[in-house]
Amino acid sequence: MRDPIIMAKVKEILGALQEAEPGHAVEVRVPPYSAIQCGTGPKHTRGTPPNVVEMSAQTLFALMAGELAWPDGVSTGAIHASGERSDLATLFEKIRIAP
Numbered sequence: 054m055r056d057p058i059i060m061a062k063v064k065e066i067l068g069a070l071q072e073a074e075p076g077h078a079v080e081v082r083v084p085p086y087s088a089i090q091c092g093t094g095p096k097h098t099r100g101t102p103p104n105v106v107e108m109s110a111q112t113l114f115a116l117m118a119g120e121l122a123w124p125d126g127v128s129t130g131a132i133h134a135s136g137e138r139s140d141l142a143t144l145f146e147k148i149r150i151a152p
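Number 129 in my numbering belongs to position 76 of the sequence shown; there are no gaps in the numbering.
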């Protein structure tokens with residue numbers, strides 16, 4: 054079951070990512086809460102996208118709070134990032150959301 058408070062926070066953060074980097078080149082997934090497309094580059098329309106980032110809600114919150122650095126999340130497997138445009142470290146540095 055999806056917690057509505059967690060879902061609202063995830064959607065707020067993903068919305069900020071889309072606003073900071075509009076586009077459709079990277080799919081960012083936070084199952085089971087939400088998924089978005091963002092980033093400049095070729096638009097993905099069918100099948101599995103070539104650039105995918107997936108993480109838990111807790112990992113997303115840790116990134117936003119500065120408790121987890123992007124490279125550490127990727128190296129530990131907390132962040133699954135595939136494709137040439139999937140490094141979103143600088144994008145996460147650009148957005149700030151009040152706790």
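Where a beta carbon is used, it is the ideal one built from N, C-alpha and C, also for glycine.
Beta strand (DSSP E) segment containing residue i, residue limits
i              : result
methionine 108 : 105-108
Proximity of residue i and residue j at Cβ, strictly below 8 Å
i            : j              : result
valine 106   : alanine 134    : yes
glutamine 47 : cysteine 91    : Lying outside 54 to 152, the shown extent of the chain, residue 47 is not represented and no answer is given.
leucine 113  : tryptophan 123 : no
Rounded straight-line distance, which links the Cα of residue j to that of residue i
i              : j             : result
alanine 73     : glutamate 146 : 10 Å
glycine 94     : arginine 55   : 32 Å
lysine 62      : alanine 69    : 11 Å
valine 3       : serine 109    : The requested residue 3 is not part of the displayed model; the chain covers only 54 to 152.
isoleucine 150 : threonine 129 : 25 Å
threonine 143  : aspartate 125 : 14 Å
Residue range of the alpha helix (DSSP H) that includes residue i
i             : result
isoleucine 66 : 57-73
Does the stretch 137-148 come close enough to the stretch 65-82 to have 3 or more Cβ pairs within less than 8 Å? yes
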